[in-house]
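*Asks:* Starting off with a structure, shown below.
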Amino acid sequence: MPRWGLLVEQNLGFGGQRRVWSGGVVDHVDGTREEALEVLRQRAEEYRPVHPTSPKRRRLYRERDGFVLVLDGAWQSFHCRFTVIEQLYDSAERKPVSQPEAVPRPPDDREPEQDPRPEPGHPLPPAPMPPTSPASPPAEPRAWDAGVPEVPSWLNRPRPS
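If you count by our numbering, then the sequence shown holds residues 86 to 246, one letter each, in order.
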């Protein structure tokens with residue numbers, strides 16, 4: 086069954102020069118494309134975008150792959166695009182890795198090599214502990230100024246008393 090992403094694209098930021106067109110997947114739907122479009126329509130009808138903060142009018146339009154929400158603000162109009170996109174790949178999902186089958190090797194005349202790994206049930210001996218040195222006394226805590234002089238050297242003035 087295909088997995089569909091619900092993509093929302095909108096303007097972020099403030100001011101004419103600092104506004105950025107940004108998109109993000111707000112949800113996923115496992116099912117048919119029509120089911121994903123229906124969920125997306127519900128999201129688009131309820132969506133509260135960043136701009137405008139208090140819209141005067143909202144209009145929702147349908148397009149081939151989703152919807153466009155047009156909002157009239159106090160001074161200008163803004164729009165948000167809602168699109169259904171099919172997810173083909175996700176690097177964060179873990180898929181079960183099938184183990185390759187062991188291919189039998191033809192017998193040869195060589196002696197089998199010793200396996201450096203121990204057999205199951207025979208644990209490795211514990212590693213020797215490194216020699217310990219006597220504990221040194223803790224260092225004296227540094228002053229609050231971390232060694233910064235009261236009067237910087239570049240000032241070339243005597244220290245106040």
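By construction, the Cβ of each residue, glycine as well, lies at the ideal position given by its N, Cα and C atoms.
Return the Cβ separation of V114 and A121 in integer angstroms, given the expectation that the two are a contact with Cβ distance under 8 Å.
*Replies:* Contact flag correct, Cβ pair sits at about 4 Å.
*Asks:* For G158 and S139, I'd like the C-alpha separation in whole angstroms.
*Replies:* For G158 and S139, the distance between alpha carbons rounds to 7 Å.
*Asks:* Would you call L154 buried or exposed, if buried means 16 or more other Cβ atoms sit within 10 Å of its Cβ?
*Replies:* By the 10 Å Cβ count, L154 comes out buried.
*Asks:* I think V93 touches G108, with their Cβ atoms under 8 Å apart; what is that distance to the nearest whole Å?
*Replies:* Indeed they touch by this definition, with Cβ atoms about 7 Å apart.
*Asks:* Beta-carbon separation of G151 and R133 under 9 Å?
*Replies:* Contact: no.
*Asks:* Can you list, in chain order, the residues of its chain with a C-beta nearer than 6 Å to that of R104? Leave out the 5 residues immediately preceding and following it.
*Replies:* The residues are N96 and G98.
*Asks:* So L91 packs on V124, CB below 8 Å; how close in whole Å?
*Replies:* L91 to V124, Cβ: 7 Å. Contact.
*Asks:* Cα-Cα, which of R143, E119, P137 and R118 is closest to A129?
*Replies:* Checking every option, the nearest Cα to that of A129 belongs to R143.
*Asks:* Going by DSSP, name the residue or residues bridged to T168.
*Replies:* T168 is bridged to L92 and G151.
*Asks:* Is P156 helix, strand or coil by DSSP?
*Replies:* According to the sequence displayed, residue 156 carries Leu and not Pro. Note: L156 maps to strand in three-state DSSP.
*Asks:* For R126, collect the residues of the same chain with a Cβ closer than 7 Å to its Cβ; drop the 5 residues on either side in sequence, then sort them by chain order.
*Replies:* If we look at R126 and ignore the five residues flanking it on each side, its Cβ neighbours are F152.
*Asks:* If you run the structure through DSSP and keep just helix, strand and coil, what is V124?
*Replies:* Reduced to three states, the DSSP call for V124 is helix.
*Asks:* When DSSP labels each residue in this structure, what does R118 get in the three-state scheme?
*Replies:* Helix.
*Asks:* Of the residues L240, E148, K141 and E131, which one's Cα is nearest the Cα of T168?
*Replies:* The shortest Cα separation from T168 among L240, E148, K141 and E131 belongs to E148.
*Asks:* Find out if the Cβ-Cβ distance for the pair R118, P137 is shorter than 9 Å.
*Replies:* Not closer than 9 Å, so no.
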